[in-house]
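In the working numbering, the protein residues as written are 213 to 364. Here the structure comes first, spelled out in structure tokens, and everything after it is commentary.
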């Protein structure tokens, strides 16, 4: 978005987002231009091989990311336990020690580490799903390209 200045107030404002459709003037494109818009059979086959290789690594990567989440949660429990212990040793009553253990610096850092690990795991799962979708699309393209080559 671009900014512009409001002439009345002098304030800088964001310009409203405008979505415009761009017409594809397919009638005026040559056959070569149209063919250049679509992948070649070799490109489709290569992309399919790359996607299959990447998804082959997904189980191990997701296992590692899941282990990182478990480790981060374990570290959070340990940090909370230490903070609680320290608060009790400092003379806090049970309720105040529990409250302190939630806001202690290392506990906050450990909670953020859990959040980061969970986000990475979710991103990994989303990436696996998108690779699965890509493979389905590439398989379809590959089948269509092969059918066209055999019929030509």
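Quick reminder that beta carbons are idealized off the backbone N, C-alpha and C, glycines included. None of these values were measured; they are calculated from a predicted model.
| Query | Result |
| --- | --- |
| Can you give me the C-alpha to C-alpha distance between residue 321 and residue 345, rounded to a whole angstrom? | 36 Å |
| Please confirm if the stretch 330 to 348 is in contact with the stretch 301 to 311, defined as three or more CB-CB distances below 8 Å between the two stretches. | no |
| Give a yes or no on contact between the stretch 338 to 352 and the stretch 259 to 269, applying the rule of three or more CB pairs nearer than 8 Å. | yes |
| Which residue marks the beginning of the beta strand (DSSP E) containing residue 243, and which one marks its end? | No beta strand (DSSP E) holds residue 243; the alpha helix (DSSP H) holding it covers 243 to 248. |
| Mapping the DSSP letters down to three states, classify residue 316 as helix, strand or coil. | coil |
| Taking the C-alpha atoms as reference points, what is the distance between residue 291 and residue 318? | 6 Å |
| For residue 273, report the span of its alpha helix (DSSP H) as first-last. | 270 to 301 |
| For the ligand MN, any of its heavy atoms closer than 7 Å to the Cβ of residue 243? | In terms of ligand content, the structure shown is empty, and the ligand MN therefore cannot be addressed. |
| Could you round the C-beta distance between residue 313 and residue 325 to whole angstroms and report it? I think they count as a contact, below 8 Å. | That belief does not hold up - the Cβ atoms of residue 313 and residue 325 are roughly 16 Å apart, past 8 Å. |
| What does a CB cutoff of less than 7 Å around residue 266 pick up in its chain, not counting 5 residues either side in sequence? | 343 |
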